[in-house]
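Position one of the sequence shown corresponds to residue 1 (full-length UniProt numbering), numbered consecutively onward.
Positions of the beta carbon are idealized from the N, C-alpha and C atoms, including for glycine.
Computed from a predicted model, the values in this text were never measured in an experiment.
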Amino acid sequence: MNQSWKPEELSSLGLAFIGDAIWEVYARGHCLNQGIRKPHELHKRCTHYVSAAAQADALGGIADSLTDEEAAVVRRGRNAKSAHVRKNVDVIVYRHSTGFEALIGHLHGTGQHARLEQITEQALAYLDELVKEPHS
């Protein structure tokens, strides 16, 4: 993909815009890697990873491993004032998910692909642990 935009020229919401799409690709790949093949099941499972609540949870799962620069990107994304907040999502959850998306967009846009892989793997593993059902 030819990228003519520069991450430093985008607002935090611009980074979140691209970060949301990048995160969805990772989530969909993760679901396929789990062996899910039916479209309805794929869609259902992917919502466990791409919803605002899931993204906010993912941020909580990776927060301790962020660099100072990454934490600053998250903070700016979290504090960005959006004219639109989904009606079915708490404002705090929405802001944390925006911070997470901004981080993903930043890592992608700056070409930090190894770090992006590391962060997404950690976030997906954390979310998998959250949804695991206890075994009896």
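It is roughly 18 Å from the alpha-carbon of residue 79 to the alpha-carbon of residue 54.
Burial state of residue 23 is buried, judged by a 10 Å Cβ sphere holding 16 or more other Cβ atoms. DSSP, read as helix, strand or coil, puts residue 44 in helix. The alpha carbon of residue 99 has as its nearest neighbour, out of 112, 114, 73, the alpha carbon of 73.
Assigned with DSSP and collapsed to three states, residue 98 falls in helix.
Annotation: residue 57 to residue 127 spans about 7 Å, alpha carbon to alpha carbon.
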